[in-house]
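To start, the structure under review is shown below, and the notes come after it.
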Amino acid sequence: KAGRCQLLRVADLAAMSGTKRFVEQRVMKRREQEAKDMSLRRQMTEHNILVGHGSSAIRVEAKRRARSEACERRELFMDYSYVTAEQDKARRTQIAAFEEHIAEELSRRKAKDLRADMEKRRICDGSEELRALK
293 KAGRCQLLRV
303 ADLAAMSGTK
313 RFVEQRVMKR
323 REQEAKDMSL
333 RRQMTEHNIL
343 VGHGSSAIRV
353 EAKRRARSEA
363 CERRELFMDY
373 SYVTAEQDKA
383 RRTQIAAFEE
393 HIAEELSRRK
403 AKDLRADMEK
413 RRICDGSEEL
423 RALK
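With the numbering used here applied, the sequence shown covers 293 to 426.
Right, here's the structure in full:
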């Protein structure tokens, strides 16, 4: 019986060491798989960040272009407003000059007509024949 127990213990030890080896191999494989998974996760994270940088650069460029176009439109509007204001100012000045010229001409004509009427009246008042006709 004693020899038999020793054989069982050696067999048990051999079996246990085989089980131990199996468990250790399983643990090693799991660790290797976890390392690969972690590496893939890191790579995917880096890839997503790089993709984000690319799309971010596109958005930034689009915003920059939009800002530049808006600035250009403001400048064009300011130029248009300035030119329109200057044209309006010149037009008002010209209209004022025309009105002044017309007013002077009307005043001259009225004065001329008044002088002509006064001359007629003076002639009529000075002539006895015309007074007699009245």
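Virtual Cβ for every residue (Gly too), placed ideally from N, Cα, C.
Reduced DSSP category for residue i - H, G, I as helix; E, B as strand; rest coil
i	result
S419	coil
Q298	For Q298, the predicted structure reports a pLDDT of 49, less than 50, and the residue's modelled location is therefore unreliable. The matter cannot be settled from this model.
K293	Note that K293 has pLDDT 48, beneath the 50 cutoff, so the model's placement of it is unreliable and the number below is only indicative. In this structure, K293 counts as coil in the three-state DSSP scheme.
R414	helix
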